[in-house]
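Have a look at this one:
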């Protein structure tokens with residue numbers, strides 16, 4: 224080949240490489256813009272912001288780019304964040320999570336389900352479904368599965384049909400179902416035709432009649448135990464007084480002014496019947512501000528006569544102390560990724576405390592009831608028997624409502640302390656902790672591994688469903704009531720995901736978008 228021809232070939236190759244580099248660079252820029260679009264859309268969903276928020280974010284980015292890095296302005300301009308694009312991105316991310324969950328479900332050797340029902344702003348009943356499963360390595364996956372709209376009736380048959388349909392869509396093996404946790408509503412726990420009964424029958428027909436466990440949400444059970452205290456004489460007065468102060472704007476402002484004069488930082492919160500924690504907050508604040516409340520109500524010509532009753536004040540103080548103890552237990556029972564034995568330990572520990580307090584109060588000792596002790600220091604108290612009886616009744620209620628723990632106690636004890644003779648394995652268990660130890664357990668313990676799989680995948684509460692309903696309420700409001708069920712489901716899947724994350728790189732690769740300004744393929 225002559226020198227001139229060689230130069231022409233080299234020049235042609237150089238030109239080709241240059242053209243290829245332009246396309247490669249263009250593709251890289253496009254991929255970066257699409258990835259950024261996915262990441263921002265994901266954050267919008269997690270933060271429960273409207274789809275139109277993307278346009279606001281884009282405006283802010285462009286303003287910042289003009290000042291910080293004007294040479295990169297076009298790169299930011301390439302990021303598509305229109306309302307429709309954000310909705311599409313969120314849909315893609317949700318579908319990807321679904322696909323990953325289906326793959327994980329195939330590997331489950333045991334799984335449990337938690338369900339709860341609530342109503343959205345448009346009066347549509349929504350069924351929240353969570354699934355918790357373990358694979359053959361005893362790795363736990365706890366994920367939000369679906370929010371199913373119940374646009375017609377919400378009978379046990381309707382809920383059961385919706386639940387079965389959702390589980391079939393992810394491809395569960397019904398023979399591997401271990402337990403079901405519900406909110407304890409009549410449609411859920413009816414003995415003859417409730418969801419629990421129907422679900423158990425379906426599971427046992429698939430697994431040959433093996434044991435299947437059902438849990439009435441432990442948090443709900445605890446709240447029901449609290450009602451056994453029957454302190455309506457206290458709560459009625461507290462609620463009426465708080466409502467008088469809070470429900471009228473003038474009263475509220477004047478009461479806050481009185482508190483500021485006395486250097487109090489906090490006012491009175493509202494009482495919410497459905498939230499046990501709110502009752503504790505109201506009672507504590509009411510007790511702490513009792514002198515100011517008494518003064519204010521007298522000035523308004525609405526004196527609270529109970530403030531002059533030593534017995535009623537003792538009841539109020541006792542109620543404050545008990546609700547604080549119960550609130551502490553409630554907080555221990557909340558949270559994600561909890562093993563059912565942790566609930567058992569918390570309930571058992573609280574029952575032991577109740578037994579101790581019962582004995583102490585019988586002897587006139589209010590050491591664990593600080594408010595009651597404070598009131599008793601200024602008032603003569605001849606007998607604390609009525610408070611001891613309240614604790615006795617509360618303990619009895621806990622024993623009755625948590626009988627399922629008694630049925631599983633043997634399994635719990637083996638799971639939490641599996642080795643009594645093998646000192647080497649006992650040492651490894653103590654050093655590693657529950658999750659890590661069982662994941663690395665030798666194949667020589669098949670029965671123990673099977674027990675661990677069963678307990679690790681159990682739900683004890685419907686706490687996660689309650690969290691999803693809170694997110695639902697933020698997203699579907701009076702100002703945003705037209706959000707479709709499909710879009711709401713996509714948003715909640717991104718907001719509630721725990722152990723699965725969207726594969727954004729794979730989504731970007733699948734899009735194969737071009738730079739904004741050229742015909743797009745996405």
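In our numbering, the protein residues as written are 224 to 745. The beta-carbon is built from N, C-alpha and C at its ideal position, and this holds for glycine as well.
Cβ distance (whole Å) where residue i is taken to contact residue j below 8 Å
| i | j | result |
| --- | --- | --- |
| residue 386 | residue 347 | At roughly 17 Å, the Cβ-Cβ gap does not stay under 8 Å, so residue 386 and residue 347 are not in contact. |
| residue 350 | residue 371 | 4 Å |
| residue 748 | residue 567 | Absent from the structure is residue 748, since the part of the chain shown begins at 224 and ends at 745. |
| residue 628 | residue 448 | Actually they do not touch by this definition, with Cβ atoms about 13 Å apart. |
| residue 513 | residue 530 | 7 Å |
| residue 296 | residue 288 | 5 Å |
| residue 309 | residue 279 | The pair is not a contact, with the Cβ atoms about 11 Å apart (cut-off 8 Å). |
| residue 578 | residue 618 | 7 Å |
| residue 545 | residue 452 | 7 Å |
| residue 585 | residue 611 | 5 Å |
DSSP bridge partner residues for residue i (one or two, in chain order)
| i | result |
| --- | --- |
| residue 354 | 336, 366 |
| residue 342 | 348 |
| residue 400 | 334 |
| residue 372 | 349 |
| residue 546 | BP columns for residue 546 are empty, so no partner. |
| residue 360 | Answer is none; residue 360 lacks a bridge partner. |
| residue 405 | 439 |
For residue i, the first and last residue of its enclosing alpha helix (DSSP H)
| i | result |
| --- | --- |
| residue 580 | 563-585 |
| residue 692 | 686-698 |
| residue 328 | 306-329 |
| residue 621 | 608-624 |
| residue 302 | Element bounds for residue 302: n/a, residue is neither H nor E. |
| residue 428 | 418-430 |
| residue 433 | Looking at the DSSP string, residue 433 is not in any alpha helix (DSSP H), and its letter there is neither H nor E. |
| residue 678 | 669-679 |
| residue 277 | 276-291 |
| residue 728 | 727-734 |
| residue 388 | 379-393 |
| residue 515 | 513-522 |
| residue 715 | 708-719 |
Delimiting residues of the beta strand (DSSP E) encompassing residue i
| i | result |
| --- | --- |
| residue 595 | Segment 593-601 is the alpha helix (DSSP H) holding residue 595; no beta strand (DSSP E) there. |
| residue 436 | 436-439 |
Short Cβ contact (9 Å threshold) for residue i with residue j
| i | j | result |
| --- | --- | --- |
| residue 401 | residue 333 | yes |
| residue 301 | residue 727 | no |
| residue 268 | residue 718 | yes |
| residue 687 | residue 422 | no |
| residue 607 | residue 538 | no |
| residue 583 | residue 591 | yes |
| residue 616 | residue 550 | no |
| residue 721 | residue 366 | yes |
| residue 319 | residue 666 | no |
| residue 426 | residue 331 | no |
| residue 403 | residue 397 | no |
| residue 208 | residue 262 | Nothing in the structure corresponds to residue 208, since the chain is present only between 224 and 745. |
| residue 260 | residue 322 | no |
| residue 344 | residue 596 | no |
| residue 581 | residue 339 | no |
| residue 457 | residue 506 | yes |
| residue 510 | residue 564 | no |
| residue 573 | residue 548 | yes |
| residue 715 | residue 691 | yes |
| residue 431 | residue 379 | no |
| residue 535 | residue 465 | no |
| residue 335 | residue 306 | no |
| residue 552 | residue 569 | yes |
| residue 523 | residue 435 | no |
| residue 437 | residue 405 | yes |
| residue 562 | residue 681 | yes |
Min CB distance residue i to chain C below 9 Å
| i | result |
| --- | --- |
| residue 427 | Chain labels in this structure do not include chain C; a single protein chain is all it has. |
Touching by the beta-carbon criterion (3+ pairs, under 8 Å), the segment 676-693 and the segment 429-449: Verdict: yes, contact present.
Meets three-Cβ-pair contact criterion under 8 Å: the segment 696-705 and the segment 667-681: Look at the beta carbons and you see the segment 696-705 not touching the segment 667-681: under three pairs across the two are nearer than 8 Å.
- prompt: Are the segment 702-722 and the segment 304-321 touching, with three or more C-beta to C-beta distances below 8 Å?
  reply: By the criterion of at least three beta-carbon pairs nearer than 8 Å, the segment 702-722 is in contact with the segment 304-321.
message: Whether or not the segment 660-674 and the segment 357-373 are in contact is what I'm after, with contact meaning three or more pairs of Cβ atoms, one per stretch, closer than 8 Å; do they touch?
response: Short answer: they touch.
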